[in-house]
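So the sequence shown is numbered by numbering that gives the first Met the number 0: it starts at 0 and just counts up by one.
Just below is one structure, and these are the notes that go with it.
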Amino acid sequence: MSLFARMKTLFGRSALSKEIEDELNSHIEMRIADSVAAGLDPDVARRDALLRFGNPTSIRERTAAIDTVLLVETVAADCRFSIRQLRRSFGFTTAAILALALGVGASLAVFMCVDAVLIKPLPYVHPNRLVDVTESSSLLLRDLTSYPNYLDWKRLNSAFISLSAWTPTSYTAKTALATAQVSGTRVSDDFFRTLGVSPQLGRDFYQGEDSPEATPSVLLSADAWREWFAGRGDAIGSQIILSDKAYTVIGVLPEDFYFAPRGLAQFWTPVGSLNKADRRRNYHNWFCVALLREKTPIDSARANLTAIAASLSKLYPDSNAGKTVRVVSLADATFGSVTSIVTFLFGFVLLLLFIAGANVTSLIIVKSRGRSQEIAIRGALGASRARLLIQFVTEGVLLAGAGVSSGLVLAILAVRSMKAFIPEETLFEMPYLRGVHLSFHALTFALVVFLCLVAVFSAAPMARLRSSRLQADLSVGTRTIRDPGWRRLISALVVLELAMAVVLLVNAGLLGKSLYRLLRVPLGFSPQNLSTLTILSPTKTYGTPVLQAALEKSITETIKQLPGVIGVGVGHLPVSDNRPETLIRVLDAPFHGEHNEVGYRVTSPDFFRTIDATLLKGRFFSESDDSNKPPIAIINMALAEKYFTGQNPIGKRIGNADLSVVREIVGVVANVREGSLDEDIWPALYVPFNQAPVTGYSLIVRSSRTDKTLLPLLVAAIHRLDADISTYDLVSMNEEIDRSESSYLHRSAAWFMSSLALLAMILSLIGLYGLVTYSVSQRTWEISIRMALGAQRKAIFELFLKEFIWLITIGLALGVACSLAISMSMRSLLFGITASDPSTILVVAAVVTMATLTATLVPATRAAFMNPVEALRGE
Numbered sequence: 000m001s002l003f004a005r006m007k008t009l010f011g012r013s014a015l016s017k018e019i020e021d022e023l024n025s026h027i028e029m030r031i032a033d034s035v036a037a038g039l040d041p042d043v044a045r046r047d048a049l050l051r052f053g054n055p056t057s058i059r060e061r062t063a064a065i066d067t068v069l070l071v072e073t074v075a076a077d078c079r080f081s082i083r084q085l086r087r088s089f090g091f092t093t094a095a096i097l098a099l100a101l102g103v104g105a106s107l108a109v110f111m112c113v114d115a116v117l118i119k120p121l122p123y124v125h126p127n128r129l130v131d132v133t134e135s136s137s138l139l140l141r142d143l144t145s146y147p148n149y150l151d152w153k154r155l156n157s158a159f160i161s162l163s164a165w166t167p168t169s170y171t172a173k174t175a176l177a178t179a180q181v182s183g184t185r186v187s188d189d190f191f192r193t194l195g196v197s198p199q200l201g202r203d204f205y206q207g208e209d210s211p212e213a214t215p216s217v218l219l220s221a222d223a224w225r226e227w228f229a230g231r232g233d234a235i236g237s238q239i240i241l242s243d244k245a246y247t248v249i250g251v252l253p254e255d256f257y258f259a260p261r262g263l264a265q266f267w268t269p270v271g272s273l274n275k276a277d278r279r280r281n282y283h284n285w286f287c288v289a290l291l292r293e294k295t296p297i298d299s300a301r302a303n304l305t306a307i308a309a310s311l312s313k314l315y316p317d318s319n320a321g322k323t324v325r326v327v328s329l330a331d332a333t334f335g336s337v338t339s340i341v342t343f344l345f346g347f348v349l350l351l352l353f354i355a356g357a358n359v360t361s362l363i364i365v366k367s368r369g370r371s372q373e374i375a376i377r378g379a380l381g382a383s384r385a386r387l388l389i390q391f392v393t394e395g396v397l398l399a400g401a402g403v404s405s406g407l408v409l410a411i412l413a414v415r416s417m418k419a420f421i422p423e424e425t426l427f428e429m430p431y432l433r434g435v436h437l438s439f440h441a442l443t444f445a446l447v448v449f450l451c452l453v454a455v456f457s458a459a460p461m462a463r464l465r466s467s468r469l470q471a472d473l474s475v476g477t478r479t480i481r482d483p484g485w486r487r488l489i490s491a492l493v494v495l496e497l498a499m500a501v502v503l504l505v506n507a508g509l510l511g512k513s514l515y516r517l518l519r520v521p522l523g524f525s526p527q528n529l530s531t532l533t534i535l536s537p538t539k540t541y542g543t544p545v546l547q548a549a550l551e552k553s554i555t556e557t558i559k560q561l562p563g564v565i566g567v568g569v570g571h572l573p574v575s576d577n578r579p580e581t582l583i584r585v586l587d588a589p590f591h592g593e594h595n596e597v598g599y600r601v602t603s604p605d606f607f608r609t610i611d612a613t614l615l616k617g618r619f620f621s622e623s624d625d626s627n628k629p630p631i632a633i634i635n636m637a638l639a640e641k642y643f644t645g646q647n648p649i650g651k652r653i654g655n656a657d658l659s660v661v662r663e664i665v666g667v668v669a670n671v672r673e674g675s676l677d678e679d680i681w682p683a684l685y686v687p688f689n690q691a692p693v694t695g696y697s698l699i700v701r702s703s704r705t706d707k708t709l710l711p712l713l714v715a716a717i718h719r720l721d722a723d724i725s726t727y728d729l730v731s732m733n734e735e736i737d738r739s740e741s742s743y744l745h746r747s748a749a750w751f752m753s754s755l756a757l758l759a760m761i762l763s764l765i766g767l768y769g770l771v772t773y774s775v776s777q778r779t780w781e782i783s784i785r786m787a788l789g790a791q792r793k794a795i796f797e798l799f800l801k802e803f804i805w806l807i808t809i810g811l812a813l814g815v816a817c818s819l820a821i822s823m824s825m826r827s828l829l830f831g832i833t834a835s836d837p838s839t840i841l842v843v844a845a846v847v848t849m850a851t852l853t854a855t856l857v858p859a860t861r862a863a864f865m866n867p868v869e870a871l872r873g874e
């Protein structure tokens, strides 16, 4: 029975049993016929035949068992032979497994990120029906909304089952054992019901628990539960002090819960009492999340809320004119630009996987050409095509299995290393990165890659199983003959490898140059030797503007006395937030109800001097600019250019939306980059701390000391003044820039693409080197004849060099064309350069040309210096 038949019967026992039973009955009938012919009674003859053959069930079972054993032995023999073949070609096996491990490992690692971002649903009951709802205007696509607007949206909409509000905050948490600054979120009472999240312990907020009259309560994240209550079940009902206010713990959120737009917040509290600002309709400090009704498309919900926003803008023109609504899926709001980055990276690693597969396929073709006589002899000795096919499939399974298994290990190690090096702040802002791991989807992807590789690796040697091919290989003996069909196939694979490598190199160059431009974007200040931390003073102790101003002065004077301190400033931390926070009106200028949104920054007198900002006109603040003096302001150049075009802003007056506060402009500073490095700079209004003191602000210190030694001294000095003052986010300015989302994403993408491009280039050069070597080996007879007839070594060298220069040129041209098409689609990831940057393309072309020519020189030189006598004797 053939191997295919055995494999078929292994999974079709009923057919095998019937076949055995039919054969057994045939033998019994023949025995009966012989006995009757010998003179026995038919009944006696049947009884005798049955006794001689024995139990038919036992015979069927023994026969089937033997067949199974033969199948297992055949497969085991094929595996042993394949392992011997791979061990005999140790260099080929090592190169193939290494190439596959790199290609599969990189693609699988990125696929785990794709799984966490694009495939795996958000950890909510109805993730596809959850939407992010914010305000929008011509100036700002995604803006926060006011709490009064949220209440109107909630009351008037017909598209949502529920609409919930949330806003980030921070608390000073106190228990009997510890005090620390913690992240928190204020939410409406139906927030978790909108998400479909139930606490793993305790209860959710009940309806009305977000009202000012309700007893303050808090839901803990699983991490906060372990950190503050050691994971005890009796934490429910306990009290914790958050910013001098007692909250009752009512529940613990699930282990896998995260709300990425907020990050990994630890304490979730109801809205409770609204301060004076929150009650204003022009104070935008709230986000919204909503659950769509069943079968309600997002477009319908957007139209519904847009109509509501239009009616509100008519009712409240002073605060809502020009405002509309933005409704997108919560998944889009959660992942944002990360989706496009991960998608592009996955596409690029698939190119690397293709290069690795093509490289190994080329090696297999060369190796199978060397085994042509072995295959021909086995065929001549009676091995069927099916038998040879099974052997090649077995070798493909072992080789692909070793490569995919090695790649799987590399992917796991790479993901663990990546997660270990991700800054805590980045994990806080992108908590879904914690879900990057080896999942069922990743294993399925690995299995698909394995099956594809097996199919490709088996196809190359199988193509030689034509009878005419076997006869030719058997008749040639040891003579090397030209095999143009195979050489053309390998050439095509190498051209594609080079083209894909060029695509990766060009895009890696674009991302690298983009990162270079991003990190050298003008900041408007000097980040060197700046140490920063955030201060939050207890409202209970410093509840009046006078006390807040006095505390700020005490802190700055104390810090100035520390050794090595050059300057101390209080204000808005640069490269952290670029969101407009207030509306202004320019006095003595036409006003038609426009919404002039600008950044509102409270700064100390030495703030600009400390960060080394440039004063363009007027003066900085001084200590005498306090509440007893007329209100004043400093503006940045962006505000001056937008609202005072062609004018001198010094002495001009600017007020808030209702002109209840009017300030005189006393200075203009150069633009300070306050938001992300790749964002436009917004107009900013700076006011003196002594005229508008606050309880929370950033302390910025310039010194001659290192950050690691200075930051602990700053905290100690502040706590000597008052131990209840919270200090957190201790970081140097350079670290703040490096850990910003735009910087981190661009840097990660550039480094990853550079690694992929380097691997792709190495694999492509190996493939090209193998092609030239194979071509030389295939043309040994021709080269020897040419040299025997008088051909010079230079002519032989030029023969190979010219041939492969054409391949290199085709691969380079194809790669440049493909890279231009691909890079145009990733323009959103670039900064400061175009997708068709000519310098990048020229540099890549030069590097690829030099590297590929170098890869062809060694085998071409070997061909030129071949000894024709020895070569002909070997043939």
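A virtual CB, placed ideally from N, CA and C, is assigned to each residue, including glycine.
Expected contact under 8 Å - CB spacing of residue i and residue j to nearest Å
{"i": "glutamine 180", "j": "serine 725", "result": "4 Å"}
{"i": "alanine 100", "j": "serine 405", "result": "4 Å"}
{"i": "serine 161", "j": "arginine 128", "result": "No, serine 161 and arginine 128 are not in contact; Cβ-Cβ is about 11 Å, not under 8 Å."}
{"i": "leucine 517", "j": "serine 742", "result": "7 Å"}
{"i": "isoleucine 354", "j": "alanine 500", "result": "7 Å"}
Whether residue i touches residue j by CB criterion (8 Å)
{"i": "histidine 745", "j": "phenylalanine 606", "result": "no"}
{"i": "leucine 143", "j": "histidine 283", "result": "yes"}
{"i": "leucine 615", "j": "alanine 669", "result": "yes"}
{"i": "leucine 329", "j": "aspartate 131", "result": "yes"}
{"i": "isoleucine 82", "j": "leucine 397", "result": "yes"}
{"i": "proline 253", "j": "glutamine 199", "result": "yes"}
{"i": "valine 453", "j": "valine 365", "result": "no"}
{"i": "alanine 300", "j": "valine 326", "result": "yes"}
{"i": "proline 362", "j": "phenylalanine 89", "result": "Checking the sequence shown, residue 362 turns out to be leucine, not proline. The answer is no: Cβ separation not under 8 Å."}
Helix, strand or coil at residue i [DSSP, three-state]
{"i": "glutamate 917", "result": "Residue 917 is absent from the model: the chain starts at 0 and stops at 874."}
{"i": "asparagine 595", "result": "strand"}
{"i": "alanine 289", "result": "strand"}
{"i": "alanine 276", "result": "coil"}
{"i": "glycine 262", "result": "strand"}
{"i": "glutamine 547", "result": "helix"}
{"i": "aspartate 131", "result": "strand"}
{"i": "valine 414", "result": "helix"}
{"i": "tyrosine 541", "result": "coil"}
{"i": "leucine 614", "result": "strand"}
{"i": "phenylalanine 751", "result": "helix"}
{"i": "threonine 644", "result": "coil"}
{"i": "isoleucine 489", "result": "helix"}
Cα-Cα separation between residue i and residue j, rounded to whole angstroms
{"i": "isoleucine 249", "j": "arginine 202", "result": "6 Å"}
{"i": "serine 466", "j": "leucine 388", "result": "Its pLDDT being 45, under 50, serine 466 is placed unreliably in this model, and the coordinates cannot settle the point."}
{"i": "valine 448", "j": "glutamine 265", "result": "41 Å"}
{"i": "proline 544", "j": "asparagine 274", "result": "16 Å"}
{"i": "methionine 429", "j": "arginine 280", "result": "31 Å"}
{"i": "valine 124", "j": "tyrosine 146", "result": "26 Å"}
{"i": "serine 824", "j": "alanine 410", "result": "27 Å"}
{"i": "glycine 104", "j": "alanine 98", "result": "10 Å"}
{"i": "valine 857", "j": "leucine 263", "result": "57 Å"}
{"i": "valine 403", "j": "alanine 459", "result": "19 Å"}
Neighbour flag for residue i against chain D, beta carbons, 8 Å
{"i": "threonine 808", "result": "Protein chains in the displayed structure number just one, and chain D is not present."}
| query | So, do the stretch 439 to 446 and the stretch 108 to 125 have three or more beta carbon pairs nearer to each other than 8 Å? | reply | They touch, by the three-pair rule.
| query | On the three-pair Cβ rule with 8 Å, is the stretch 648 to 658 touching the stretch 484 to 499? | reply | Taking a cut-off of 8 Å for Cβ pairs, the stretch 648 to 658 and the stretch 484 to 499 do not touch, as fewer than three such pairs fall below it.
| Given 8 Å, three or more beta-carbon pairs between the stretch 229 to 245 and the stretch 305 to 321 | Short answer: they don't touch.
| request: Spell out a yes or no on whether the stretch 705 to 721 and the stretch 617 to 637 are touching, meaning 3 or more CB-CB pairs, one atom from each, closer than 8 Å. | output: Not touching, per the Cβ criterion.
| query | Counting pairs of beta carbons, one from the stretch 322 to 338 and one from the stretch 801 to 815, are three or more of them closer than 8 Å? | reply | Between the stretch 322 to 338 and the stretch 801 to 815 there are fewer than three C-beta pairs closer than 8 Å, too few to call the two in contact.
| query | Okay, do the stretch 506 to 523 and the stretch 835 to 849 touch, 3+ Cβ pairs below 8 Å being the bar? | reply | Three or more beta-carbon pairs separated by less than 8 Å link the stretch 506 to 523 to the stretch 835 to 849, which places the two stretches in contact.
| query | Is there contact between the stretch 205 to 225 and the stretch 295 to 310, where contact requires at least three CB pairs shorter than 8 Å? | reply | No, they do not touch.
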